[in-house]
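Asks: Here's a structure for you.
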Amino acid sequence: MKRPFFIRRIFMRIGIVLCVLLATGWVISSVYHVMYGSRRFHVFLRQGAFEFYTHGQTKASGLRVDVRPLGVWKHWPSYKWNSGYTTIPFWMLFMPALAVTIWLWWSSRILPGKCWKCVYDLSGNESGICPECGTPIEVIG
């Protein structure tokens, strides 16, 4: 039987990777303007934010990376009925991911007297093996 702590460890590692990716995107978007454009939408990483712009049918522009001073590249959204524009700052994505990751790491601490693998209570155990999962343990004393 798989333990929920295995799943928790997976989410902890996913949280770390997500935080690193968001922080990297944040830094990159502060220096570079990265844009990917297709026929129906454009995705921007610029000025510390993730921007998504949908529009009517236009020419696909592919991936483009520009180094420009901050605040020079202006974006004027179209006022067509099938257009939309959304900006999400990276800190709004990074902070909740960081808070959840820190909570997962903090709440998954193994207390003394518990098995490190299955968190079974080992008080009174002198065999050196967890009776629940069979993991060898250190007997302190």
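Plus 81 on top of the position in the sequence shown (first one is 1) and you've got this note's numbering. All residues carry an ideal CB built from backbone N, CA and C; glycine is no exception.
1) Which residues in the same chain have their Cβ closer than 7 angstroms to the Cβ of Cys-100, if we skip the five residues on either side of it in sequence?
2) Would you mind sorting Arg-127 into buried or exposed? The rule is 16 or more other CB atoms within 10 Å of its CB.
3) Tell me the residue span of the beta strand (DSSP E) that contains Leu-126.
4) Using the Cα positions of Gly-152 and Ile-91, report the straight-line distance between them to the nearest angstrom.
5) Out of curiosity, what's the CA-to-CA distance linking Trp-172 and Val-108?
6) Considering only DSSP beta bridges, list what Ile-210 is partnered with.
7) Would you mind reading off the limits of the alpha helix (DSSP H) that contains Pro-177?
8) How many Å lie between Tyr-166 and Phe-122 at the Cα?
9) So, at 7 angstroms on beta carbons, what are the nonlocal neighbours of His-156 in its own chain, with the 5 sequence-adjacent residues on each side left out?
10) Quick one: is Leu-204 buried, meaning 16 or more other Cβ sit within 10 Å of its Cβ, or exposed?
11) How is Gly-96 classed by DSSP in three states: helix, strand or coil?
12) By alpha-carbon positions, which one of Gly-194, Val-200 and Cys-199 ends up nearest to Asn-206?
13) Is it buried or exposed for Ser-188, if we count other Cβ within 10 angstroms and need 16 for buried?
Replies: Reading off the structure:
1) Here the set comprises Phe-175, Ala-178, Leu-179 and Thr-182.
2) It counts as buried.
3) Run containing Leu-126: 122-127, per the beta strand (DSSP E) assignment.
4) Caution is warranted here: a pLDDT of 46 is assigned to Gly-152, below 50, making its placement in the model unreliable, and the coordinate value is therefore given only provisionally. Here the C-alpha atom of Gly-152 lies approximately 40 angstroms from the C-alpha atom of Ile-91.
5) Trp-172 and Val-108 have their C-alpha atoms spaced approximately 11 angstroms apart.
6) According to DSSP, which records beta bridges pairwise, Ile-210 is partnered with Pro-217.
7) 171-188 is the extent of the alpha helix (DSSP H) around Pro-177.
8) Here the alpha carbons of Phe-122 and Tyr-166 stand approximately 10 angstroms from one another.
9) With a pLDDT of 49 at His-156, under the threshold of 50, the modelled position of this residue cannot be trusted; read the value that follows with caution. Short of 7 angstroms from the beta carbon of His-156, and not among the five residues preceding or following it, lies no beta carbon of its own chain.
10) The sequence shown places Ser at residue 204, not Leu. Exposed: under 16 other Cβ atoms inside 10 Å.
11) Helix.
12) Ranking the options by Cα distance to Asn-206, first place goes to Gly-194.
13) Exposed: under 16 other Cβ atoms inside 10 Å.
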